[in-house]
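As structure tokens, the structure follows; a few thoughts come after it.
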Amino acid sequence: MPVILPTDARKRLPAVPKTRKPSANRQARGRTAYQSGLLAEGAVADRYTQAGYDLLATRWRGKAGEVDLILRKDGIHVFVEVKAARDFDRAALRLNRRQMDRICLAACEYCGSLPTGQLTAMRLDAALVDQFGRVQIIENAFCAD
1 MPVILPTDAR KRLPAVPKTR KPSANRQARG RTAYQSGLLA EGAVADRYTQ
51 AGYDLLATRW RGKAGEVDLI LRKDGIHVFV EVKAARDFDR AALRLNRRQM
101 DRICLAACEY CGSLPTGQLT AMRLDAALVD QFGRVQIIEN AFCAD
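Structural data, given as structure tokens:
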């Protein structure tokens, strides 16, 4: 049964904010960022597979968050966060402690679904991609503060 409010009560209700459609410029930047992210992840995945890693998942999403790449070699699962920027330094600065914590939780969530569970051997890497498509991999990047 609908609730009928007195006329003066309707005037006191907060206005519902109107949602704006993002500008065409913002939509274009979003598409560009998405595409450059895919290209960077592809370049990093190629580097790992050339080194003998098996690619298990890309952009794996769990409750804790998303992991860009999940690979395996010699029984070790490698979780990779890919960051792209004009140069390697700027790419590294885009990875903050909060993101690292989220990726660690997502990696633990993924390992929890494996037969070996939390006993799964794993490593957390950061892969940096510069504007020329060069890749720099930092193994165990999340170990240092």
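Just so we're aligned, residue 1 is where the sequence shown starts under full-length UniProt numbering, counting upward by one. Just so it is clear, CB atoms sit at the ideal spot from N, CA and C, and this is done for glycine as well.
Taking the DSSP output, what are the residues bridged to E81?
By 1-based counting over the sequence shown, the position of residue 81 is 81. Paired residue(s): A126.
Stretch pair the stretch 88–105 + the stretch 58–65: three plus CB contacts closer than 8 Å:
Touching, yes.
Do you know offhand how far C108's Cα is from Q118's?
Taking the sequence shown and counting its residues from 1, one reaches residue 108 at position 108. Taking the sequence shown and counting its residues from 1, one reaches residue 118 at position 118. Using only the alpha carbons, I get a separation of about 7 Å.
Nearest by alpha-carbon distance to Y48: which of V82, N25, A33 and Y34 is it?
Numbered from 1 along the sequence shown, position 48 holds the residue referred to as residue 48. The residue among V82, N25, A33 and Y34 with its C-alpha nearest the C-alpha of Y48 is V82.
Can you tell me the Cα-Cα spacing of Q131 and I76, whole angstroms?
Here residue 131 is taken as the residue at index 131 of the sequence shown, counted from 1. Here residue 76 is taken as the residue at index 76 of the sequence shown, counted from 1. One C-alpha to the other measures close to 30 Å.
Are F88 and Q136 touching if we call contact CB-CB under 8 Å?
Residue mapping note: residue 88 aligns to position 88 of the sequence shown, counting from 1. Residue mapping note: residue 136 aligns to position 136 of the sequence shown, counting from 1. F88 places its beta carbon less than 8 Å from that of Q136.
With burial defined as no fewer than 16 other Cβ atoms inside 10 Å of the residue's Cβ, what is the status of L69: buried or exposed?
Locating residue 69 in the sequence shown gives position 69, where the first residue counts as 1. Buried, because 16 or more other Cβ atoms sit within 10 Å of the Cβ of L69.
Which of helix, strand or coil does DSSP assign to Q131?
The residue you call residue 131 lines up with position 131 of the sequence shown. In the structure shown, Q131 falls within a coil segment according to DSSP collapsed to helix, strand and coil.
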